[in-house]
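*Asks:*
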Amino acid sequence: MKLFKISLLVFALSFLSFATVHKYYISVTQIDYVEEKQSVQIISRIFIDDFEKLLRERYDDNITLAGKNEPESVDAYMEKYLKEKLMIKINGKPVNVQFIGKAYDVDIAKCYLEIEKVKYIETIEVTNEVLFDVFEEQQNIVKTNINSKQKSVILFPQKASVLLKFN
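Going by the working numbering, the sequence shown opens with residue 1, and the numbers climb by one from there.
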């Protein structure tokens, strides 16, 4: 009987340990200033399943990303969403972030964006609210390489913006 109780306890503990597995909700946005091209190049990496959930809730509940039957409207939806949720000011002025396209890498959607005609950067303000409207636990890592200086920050729903100085 004692062996049965111990076996039951071990089973219950192992079951509970799997029941409390927590998924992390993270995106990574890399922002690089390419001075010779006067261009800010951005790659935002977002988990496909999380992005798909958002696009389904917001635009079309039949969307499936990274599949053979991915609708052509996906790029337009991604562009619209990212323009609403990823905003940048350079030297205190809002700039137009252009959606270039996307690519899939295993379970990550890589979204390519660009800001053209940037002569210099003293400050950059980044607001990254990507997926905050779907996942309360979402964190967005922003990594920059501007004027040969690298900086990284983590943004979350309570602090979705950061001002970085590069002078």
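Beta carbons: idealized from backbone N, C-alpha and C, even for Gly.
Quantities reported herein were computed from a predicted structural model and do not represent experimental measurements.
Quick check: the stretch 158-166 against the stretch 41-57, are at least 3 beta-carbon pairs closer than 8 Å?
*Replies:* The stretch 41-57 vs the stretch 158-166: no contact.
*Asks:* Going by DSSP, name the residue or residues bridged to residue 105.
*Replies:* What you label residue 105 is simply residue 105 of the sequence shown in a count that begins at 1. In the DSSP output, where bridge partners are listed per residue, residue 105 has 108.
*Asks:* Three-state secondary structure (DSSP) at residue 74?
*Replies:* For the purposes of this step, residue 74 is identified with residue 74 of the sequence shown, where counting begins at 1. Looking at residue 74 - three-state DSSP - the assignment turns out to be helix.
*Asks:* Could you tell me whether the stretch 73-82 touches the stretch 91-104, using the rule of 3 or more Cβ pairs below 8 Å?
*Replies:* At 8 Å Cβ cutoff, the stretches touch.
*Asks:* From residue 144 to residue 57, what does the alpha carbon distance come to, in whole angstroms?
*Replies:* Reading the sequence shown from its first residue, position 144 is the one you call residue 144. Reading the sequence shown from its first residue, position 57 is the one you call residue 57. Whole-angstrom Cα-Cα distance: 31 Å.
*Asks:* Apply the 10 Å Cβ neighbour rule to residue 74 and answer buried if 16 or more other Cβ atoms are within range, or exposed otherwise.
*Replies:* Within the sequence shown, residue 74 is the residue found at index 74, counting from 1. It counts as buried.
*Asks:* By alpha-carbon positions, which one of 139, 126, 94 ends up nearest to residue 23?
*Replies:* As a first step, residue 23 is located in the sequence shown; it is residue number 23 there, counting from the start. Answer by Cα proximity: 139.
*Asks:* If you draw a straight line from the alpha carbon of residue 126 to that of residue 107, how long is it in whole angstroms?
*Replies:* The residue labelled residue 126 in the question sits at position 126 within the sequence shown. The residue labelled residue 107 in the question sits at position 107 within the sequence shown. Cα-Cα distance, rounded: 25 Å.
*Asks:* Using a beta-carbon distance below 7 Å, is residue 125 in contact with chain C?
*Replies:* Annotation note: the requested chain C is absent from the structure, which comprises a single protein chain.
*Asks:* Identify, in the order they occur along the chain, each residue of the same chain with its Cβ nearer than 8 Å to the Cβ of residue 165, setting aside the five sequence neighbours on each side.
*Replies:* Here residue 165 is taken as the residue at index 165 of the sequence shown, counted from 1. Around residue 165: 122, 123.
*Asks:* When we look at the beta-carbon of residue 154 and count the other beta-carbons within 10 Å, is it buried (16 or more) or exposed?
*Replies:* Your numbering for residue 154 matches position 154 in the sequence shown. That one is exposed.
*Asks:* Can you give the beta carbon distance from residue 118 to residue 90, rounded, assuming they're within the 8 Å contact cut?
*Replies:* If you number the sequence shown from 1, residue 118 lands on position 118. If you number the sequence shown from 1, residue 90 lands on position 90. Rounded, the Cβ-Cβ distance is 6 Å, consistent with contact.
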